[in-house]
Amino acid sequence: MEANGAQVRRIGVLTGGGDCPGLNAVIRAVVKDALYHGMEVYGIADGFLGLIERRTRKLDEHDVANIITAGGTILGSSNKANPARFATGTNPDGSPTFRDVTDDCVAYAKDLGLDAIVCIGGDGTMSAAASFCAKGVNCIGVPKTIDNDLEGTDITFGFMTAVETATEAIDRVRTTAASHHRAMVVEVMGRNAGWIALHSGLASGADIILLPELDFGVEEVCAAINRRRARGKRFSIICVAEGAKPAGGEQVVKQIDPTSPDPIRLGGIAAWLSDRIQQDTGIESRHVVLGHLQRGGTPVAMDRVLATQFGHHAMHLLKTGAQNRMVAMQSFRLTDVPIEHVAGKQRTISAEEPLLTTARSVGVRFCVPAPQPVES
Ligand code: F6P
């Protein structure tokens with residue numbers, strides 16, 4: 002396969018970071034397209050860890066048969082293996098020691114004869130890919146994450162399935178909330194971005210949506226629930242993003258993993274808020290944390306389609322000699338952007354996001370406290 006004078010004969014493919022529905026659909030699209038064009042494909046196990054530990058295998062058509070519907074990734078993934086800062090052991094005080102193993106990985110990729118690597122992942126994977134690009138290994142990025150928080154693309158695959166799962170869960174919570182006249186607080190994932198909360202909250206008719214981008218007031222949340230009661234609405238659904246926090250407060254951190262490039266694991270805001278609601282309003286309140294349910298299972302049809310489009314575009318880029326680009330969807334058009342422009346950035350909800358206005362128009366409360374007048 003000629004690409005700007007250079008032949009692309011053999012490529013690697015890896016899936017990095019937290020998994021999400023649709024990874025297998027991308028792998029399938031890449032492998033089928035590559036084999037059709039006479040290329041060889043090496044599957045790299047467990048993201049960049051497979052390059053560090055030299056674990057790869059040649060993929061053929063049988064490896065990608067029957068996987069378009071499968072959640073997870075046939076290659077495995079890791080959200081800890083950043084070659085530029087790879088945890089190799091521990092210091093006497095228990096803190097991890099790190100080493101930059103990028104050169105070893107680049108040498109392995111060259112030993113394997115890889116002309117390029119298709120890196121399917123989120124911001125951490127794109128950062129790692131960018132350091133490979135800087136060392137002369139052509140990387141083509143494919144944007145995945147349920148969080149939908151990647152810079153440069155309007156949408157990532159996996160997001161629509163996560164929204165569907167969260168919506169269905171909130172729909173189920175609604176019936177029990179109604180039976181028991183309770184406030185129900187449902188916590189969804191998304192790290193520092195509220196895309197899953199905004200979309201699933203809107204789709205499920207949540208009364209209150211709390212986002213990392215808009216600090217909320219506990220008083221405002223309780224007042225909104227009390228106002229609903231006064232209007233005869235005896236239950237309330239609150240959809241809270243794991244990264245949301247009360248104004249003047251902090252995000253609730255569940256765990257810190259110092260060996261991970263993104264060490265903070267969020268979680269616990271729903272339990273905290275549910276207790277406060279019950280305490281401050283006297284209304285019975287319960288919470289549910291959806292957690293990794295949102296990452297698992299069969300991708301919805303539109304994620305399968307998007308993943309296939311992304312895989313196809315990645316191969317198109319390789320065949321036309323593109324270097325170091327990430328596939329993207331912008332205004333419903335497939336396109337691509339330089340990987341280094343995306344690396345390490347997060348796309349959160351801006352104050353101008355039209356969906357915020359839409360949500361407000363159907364009565365959703367974000368419970369942002371009014372600015373306090375400045376004392377003279
Ligand atoms: O980035 C995807 C995501 O599921 C986030 O929504 C969540 O905060 C995080 O990963 C959880 O990571 P882990 O699988 O390491 O617990």
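Numbering-wise, the working numbering comes out as the position in the sequence shown, counting from 1, plus 1.
Even for Gly, the Cβ is constructed at its ideal location relative to N, Cα and C.
Residue i by DSSP, collapsed to three states: which one?
{"i": "Ile69", "result": "coil"}
{"i": "His288", "result": "strand"}
{"i": "Ala4", "result": "Only weak support is given to the placement of Ala4: the predicted model assigns it a pLDDT of 46, under 50, and the value that follows is read from those uncertain coordinates. Three-state result, Ala4: strand."}
{"i": "Asp105", "result": "helix"}
{"i": "Phe133", "result": "helix"}
{"i": "Arg235", "result": "coil"}
{"i": "Lys346", "result": "coil"}
{"i": "Ala329", "result": "strand"}
{"i": "Ile1", "result": "There is simply no residue 1 to check, as the chain begins at 2 and stops at 377 in what is shown."}
{"i": "Val14", "result": "strand"}
{"i": "Glu62", "result": "coil"}
{"i": "Ala46", "result": "coil"}
{"i": "Asp20", "result": "coil"}
{"i": "Val241", "result": "strand"}
{"i": "Lys145", "result": "strand"}
{"i": "Pro247", "result": "strand"}
{"i": "Gly218", "result": "coil"}
{"i": "Phe99", "result": "strand"}
{"i": "Leu151", "result": "coil"}
Taking its Cβ as the centre, do 16 or more other Cβ atoms sit within 10 Å of residue i, making it buried, or is it exposed?
{"i": "Ile257", "result": "exposed"}
{"i": "Leu356", "result": "exposed"}
{"i": "Lys111", "result": "exposed"}
{"i": "Ile12", "result": "buried"}
{"i": "Ser180", "result": "exposed"}
{"i": "Lys59", "result": "exposed"}
{"i": "Ala308", "result": "buried"}
{"i": "Phe333", "result": "exposed"}
{"i": "Glu353", "result": "exposed"}
{"i": "Pro247", "result": "buried"}
{"i": "Ala231", "result": "exposed"}
{"i": "Gly90", "result": "exposed"}
{"i": "Val254", "result": "exposed"}
{"i": "Glu376", "result": "exposed"}
{"i": "Arg228", "result": "exposed"}
{"i": "Gly250", "result": "exposed"}
{"i": "Ala323", "result": "buried"}
Sorry if obvious, but does the Cβ on residue i come closer than 7 Å to a heavy atom of ligand 1?
{"i": "Glu214", "result": "no"}
{"i": "Thr16", "result": "no"}
{"i": "Ile141", "result": "no"}
{"i": "Asp148", "result": "yes"}
{"i": "Gly191", "result": "yes"}
{"i": "Asn83", "result": "no"}
{"i": "Glu152", "result": "no"}
{"i": "Leu243", "result": "Per the sequence presented here, residue 243 reads as Glu, with Leu not at that position. Because some heavy atom of ligand 1 lies under 7 Å away, the Cβ of Glu243 counts as near it: yes."}
{"i": "Gly218", "result": "no"}
{"i": "Asn80", "result": "yes"}
{"i": "Gly77", "result": "no"}
{"i": "Arg348", "result": "no"}
{"i": "Leu274", "result": "no"}
{"i": "Leu267", "result": "yes"}
{"i": "Gly312", "result": "no"}
{"i": "Gly123", "result": "yes"}
{"i": "Gly19", "result": "yes"}
{"i": "Arg296", "result": "yes"}
Go through its chain and collect everything with a Cβ distance to residue i's Cβ below 8 Å, but skip five positions before and after it.
{"i": "Ser96", "result": "Pro259"}
{"i": "Asp36", "result": "The residue you asked about is not Asp; residue 36 is Leu in the sequence shown. Within the same chain, Leu36 has close Cβ partners Val42, Asp61 and Glu62."}
{"i": "Gly19", "result": "Ser78, Asn80, Gly123, Thr146, Ile147 and Arg296"}
{"i": "Leu113", "result": "Arg11, Gly13, Tyr43 and Thr57"}
{"i": "Glu221", "result": "Arg366, Cys368, Val369 and Pro370"}
{"i": "Gly17", "result": "Gly48, Phe49, Ser78, Ser79, Asn80, Ala82, Cys120, Ile121, Gly122, Gly123, Gly125, Thr126 and Ala129"}
{"i": "Leu294", "result": "Thr166 and Ala170"}
Below 6 Å CB to CB, which residues in the same chain sit around residue i once its five sequence neighbours on both sides are set aside?
{"i": "Arg192", "result": "Asp148 and Gly244"}
{"i": "Gly6", "result": "Confidence at Gly6 is low in this model, with a pLDDT of 41, below 50, so its placement is unreliable and no value can be given for it."}
{"i": "Ala184", "result": "Ile226, Ser237, Ile278, Ile284 and Ser286"}
{"i": "Ala344", "result": "Met127, Ser128 and Ala131"}
{"i": "Phe160", "result": "Ile147 and Asn149"}
{"i": "Asp281", "result": "Cys223"}
Excluding five sequence neighbours on each side, which residues of the same chain lie with their C-beta closer than 7 Å to the C-beta of residue i?
{"i": "Pro372", "result": "none"}
{"i": "Leu212", "result": "Gly195, Ala198, Leu199, Ala242, Ala245, Ile350 and Phe367"}
{"i": "Val107", "result": "Phe133, Lys136 and Val138"}
{"i": "Ile171", "result": "Val187, Ser201, Ser205, Ala207, Ile238 and Cys240"}
{"i": "Ala315", "result": "Val31, Val119, Ile141, Val143 and Val328"}
{"i": "Val65", "result": "Ile28, Arg29, Val32 and Lys33"}
- Item | Validate contact between the stretch 194-212 and the stretch 353-371 using beta carbons, cut 8 Å, 3 pairs | Remark: three or more beta-carbon pairs, one from each stretch, lie closer than 8 Å, so the stretch 194-212 and the stretch 353-371 are flagged as touching.
- Given 8 Å, three or more beta-carbon pairs between the stretch 121-141 and the stretch 332-352: Result yes; three or more Cβ-Cβ pairs closer than 8 Å.
- Query: Is the stretch 317-329 touching the stretch 44-59 in the sense that three or more CB pairs, one from each, lie closer than 8 Å?
  - Reply: Because the criterion of three Cβ pairs below 8 Å is not met, the stretch 44-59 and the stretch 317-329 do not touch.
- Message: Closer than 8 Å is the cut-off here; do at least three beta carbon pairs connect the stretch 151-160 with the stretch 273-289?
- Response: Under the 8 Å Cβ criterion, the stretch 151-160 does not count as touching the stretch 273-289, having fewer than three qualifying pairs.
- Task: Check whether the stretch 301-319 touches the stretch 21-32, taking contact to mean three or more Cβ pairs, one atom from each stretch, closer than 8 Å.
- Result: A contact between stretches requires three or more CB pairs, one per stretch, nearer than 8 Å, and the stretch 301-319 meets this requirement with the stretch 21-32.
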